[in-house]
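Numbered continuously in my numbering, the sequence shown closes out at residue 133.
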Amino acid sequence: MGKPIRYILATLAAFMIMTVGYLWLTFASPFGYNPPDNLPVIEEHATYPVFVYGTLTKPWVRWLVMGRSGDVELAELPGFRKDDLDIQADNGASVNGQLIIVNADEFRALDRYERLGIRYERIEVRLQDGRSAWVYRLLKTE
-8 MGKPIRYILA TLAAFMIMTV GYLWLTFASP FGYNPPDNLP VIEEHATYPV FVYGTLTKPW
52 VRWLVMGRSG DVELAELPGF RKDDLDIQAD NGASVNGQLI IVNADEFRAL DRYERLGIRY
112 ERIEVRLQDG RSAWVYRLLK TE
């Protein structure tokens, strides 16, 4: 094998390692995230309904974040409109998304991914069908 081919293969391998490292740091790593002390308690043996409307609607993102893509159900959140990576209160609007049911470890992984308390807040909302679910909203910066 010639030197140019080895150089290309080494470059591709380094790129792949860097990509995997970046994805791990972004989606799964506890490094760089120190949750605030005032976060709500997550009960170990409970399950939690979470309404997702952005990147978490993609199965591969959920798999990277939680370790599984999980089952999803189409859901609608009335009284909000989607605004880029956030939702804003808007009485006449609604946001289409998905409902996922997660366990305590998966809920903590979602909190870590969303950088709960630092970038996003988690609020409880009522879906169109009357069920309650958690949703992540960008924290307001003023």
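Idealized CB from N, CA, C, for every residue including glycine.
On a predicted model such as this, the values are computed, not experimentally measured, just so you know.
Residue i burial status per 10 Å Cβ neighbour count (16 or more: buried)
| i | result |
| --- | --- |
| V11 | exposed |
| F6 | exposed |
| G(-7) | exposed |
| R59 | exposed |
| I114 | exposed |
| E97 | buried |
| M57 | buried |
| Y(-2) | exposed |
| G88 | buried |
| R53 | buried |
| L65 | exposed |
| I78 | buried |
Endpoints, the alpha helix (DSSP H) within which residue i is located
| i | result |
| --- | --- |
| Y104 | 95 to 105 |
| V52 | 50 to 57 |
For residue i, the three-state DSSP class (helix, strand or coil)
| i | result |
| --- | --- |
| V63 | strand |
| I(-1) | helix |
| W83 | Per the sequence shown, residue 83 should be read as Gly rather than Trp. G83: strand per DSSP, three-state reduction. |
| G(-7) | coil |
| L68 | strand |
| Y13 | helix |
Residue interval of the beta strand (DSSP E) (run including residue i)
| i | result |
| --- | --- |
| P40 | 38 to 43 |
| I109 | Premise fails: I109 is in no beta strand (DSSP E) and is neither H nor E. |
| R128 | 123 to 129 |
Top-ranked residue by Cα proximity to residue i, from the options
| i | options | result |
| --- | --- | --- |
| G70 | N29, V116, E112 | V116 |
| N25 | E105, P40, W15 | E105 |
| A84 | H36, L68, Y44 | L68 |
| E35 | D120, R103, N94 | N94 |
| L107 | L3, I8, L14, P31 | P31 |
Per DSSP, the bridge partner or partners of residue i
| i | result |
| --- | --- |
| V32 | DSSP lists no partner for V32. |
| Y88 | Residue 88 is actually Gly in this sequence, not Tyr. Beta-bridge pairing links G88 to A66. |
| V77 | The residue asked about is misnamed: residue 77 is Asp in this sequence, not Val. D74. |
| I114 | V126 |
Below-7 Å beta-carbon distance, residue i vs any chain D residue
| i | result |
| --- | --- |
| D28 | Protein chain content of the structure displayed is limited to a single chain, and chain D is not contained in it. |
Closer than 6 Å: residue i CB and nearest the ligand FAD heavy atom
| i | result |
| --- | --- |
| G121 | Looking for the ligand FAD in the displayed structure turns up nothing, as the structure carries no ligands at all. |
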